[in-house]
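These notes are about the structure you will find just below.
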Amino acid sequence: MLNFYRHIEAAVAENRKLLAILIDPDKFVEKETEAFLKSIPKTTSHIFVGGSTVENNQTEKTVKAIKGSTQLPVFLFPGDHNQITDEADAILFLSLISGRNPEYLIGQQLKSVVKLRNTSLEIIPTGYILIDGGKECAVQRVSNTEPIPQFEVDTIVHTALAGQYSGKKLIYLEAGSGARVPVSEEIITAVKKAIDIPLIVGGGIRTTQQQEKAYEAGVDILVMGTHFEK
Numbered sequence: 014m015l016n017f018y019r020h021i022e023a024a025v026a027e028n029r030k031l032l033a034i035l036i037d038p039d040k041f042v043e044k045e046t047e048a049f050l051k052s053i054p055k056t057t058s059h060i061f062v063g064g065s066t067v068e069n070n071q072t073e074k075t076v077k078a079i080k081g082s083t084q085l086p087v088f089l090f091p092g093d094h095n096q097i098t099d100e101a102d103a104i105l106f107l108s109l110i111s112g113r114n115p116e117y118l119i120g121q122q123l124k125s126v127v128k129l130r131n132t133s134l135e136i137i138p139t140g141y142i143l144i145d146g147g148k149e150c151a152v153q154r155v156s157n158t159e160p161i162p163q164f165e166v167d168t169i170v171h172t173a174l175a176g177q178y179s180g181k182k183l184i185y186l187e188a189g190s191g192a193r194v195p196v197s198e199e200i201i202t203a204v205k206k207a208i209d210i211p212l213i214v215g216g217g218i219r220t221t222q223q224q225e226k227a228y229e230a231g232v233d234i235l236v237m238g239t240h241f242e243k
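Residue 14 is where the sequence shown starts when you use this note's numbering, and the numbers rise one by one after that.
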């Protein structure tokens, strides 16, 4: 079995920047799979599949359609334990460590154990940190948690370190789908300097210039989603 996390670590060690395209199953049209995959950048390294609210079985249908048309690794990015499917390659086992809602710190994780204890998915523990992107996002509404303001850089850094110290293998800074303001370069640089594990950043990235600035600031895996849905 391939070890996808080791591939990410190797890329970080070689300073190879990765790009993940995030697909929301509720907005994905299966019959347009091939056209969609042709539209994404050739530099795409991963496909993430998931959303804050997804109809039952839609995630599995979406993953099957994608796996049938690409060799790119497909990672689950689940907003709920019901989105878990063995059809994917790996799962970002998320804990919303920026919030204080026990349902998204450990509740959803407990509910997922029945599916995951015998899974073929590679499970990658991920500390998920919601950053204020200038508008209320779906994660904020569903999880009933507040994002960390962008000016609270120390709080964001400490939260990321708490995630690393508690055993997370990835830190994911998220400004939210359709964010007006992406995670700032100051935050990215500060977090990257502090942690020893790969850094993922998503939300509000729309232009090549924004991508380049995020990579220069220290992003290891950049996530784009809404831009390609439109």
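All residues carry an ideal CB built from backbone N, CA and C; glycine is no exception. Just so you know, these numbers come straight off a predicted model, no measurement behind them.
At the level of alpha carbons, what is the spacing between residue i and residue j?
i           : j           : result
residue 96  : residue 35  : 14 Å
residue 42  : residue 63  : 14 Å
residue 66  : residue 154 : 10 Å
residue 170 : residue 44  : 42 Å
residue 152 : residue 111 : 12 Å
residue 237 : residue 226 : 14 Å
residue 197 : residue 98  : 33 Å
residue 187 : residue 123 : 23 Å
residue 83  : residue 31  : 17 Å
residue 40  : residue 102 : 21 Å
residue 114 : residue 140 : 14 Å
residue 86  : residue 94  : 20 Å
residue 228 : residue 33  : 13 Å
residue 193 : residue 146 : 6 Å
residue 224 : residue 51  : 20 Å
residue 243 : residue 91  : Interpretation of residue 243 is limited by its pLDDT of 49, a score under 50 that renders its predicted location unreliable; the figure taken from the coordinates is listed afterwards. Between residue 243 and residue 91, the C-alpha separation is close to 21 Å.
residue 15  : residue 104 : 13 Å
residue 164 : residue 172 : 14 Å
On the DSSP letters alone, give me the boundaries of the beta strand (DSSP E) that residue i sits inside.
i           : result
residue 108 : 103–109
residue 33  : 31–36
residue 88  : 87–89
residue 59  : 59–62
residue 187 : 183–187
residue 143 : 135–143
residue 234 : 234–237
residue 214 : 212–215
Sort the options by Cα distance to residue i and report the nearest one.
i           : options               : result
residue 70  : 45, 85 and 38         : 38
residue 234 : 151, 147, 219 and 213 : 213
residue 59  : 45, 77, 17 and 44     : 17
residue 162 : 118, 174 and 148      : 148
residue 25  : 50, 209 and 40        : 209
residue 185 : 127, 28, 138 and 76   : 138
residue 167 : 94, 126 and 207       : 207
residue 22  : 211, 216, 86 and 232  : 211
residue 54  : 229, 231, 232 and 221 : 221
residue 215 : 176, 142 and 182      : 142
residue 19  : 231, 156, 183 and 109 : 183
residue 79  : 104, 68, 107 and 48   : 48
residue 56  : 29, 164, 46 and 181   : 29
residue 189 : 109, 217, 164 and 178 : 217
residue 81  : 72, 119 and 46        : 46
residue 175 : 156, 164 and 118      : 118
residue 156 : 179, 120 and 177      : 120
The alpha helix (DSSP H) with residue i in it runs from where to where?
i           : result
residue 202 : 198–207
residue 25  : 17–26
residue 79  : 71–80
residue 176 : 166–178
residue 50  : 46–52
residue 230 : 221–230
residue 113 : Careful: residue 113 lies outside any alpha helix (DSSP H) and carries neither H nor E.
Do residue j and residue i count as a contact pair if the criterion is CB distance below 7 Å?
i           : j           : result
residue 100 : residue 77  : yes
residue 144 : residue 160 : yes
residue 88  : residue 61  : yes
Nearest chain B C-beta to residue i closer than 7 Å, yes or no?
i           : result
residue 129 : As a matter of chain content, chain B is missing from the structure shown, which is built from one protein chain.
Inset, instruction - Would you be able to state if there are at least three C-beta pairs under 8 Å between the stretch 194–204 and the stretch 128–136? - result: no
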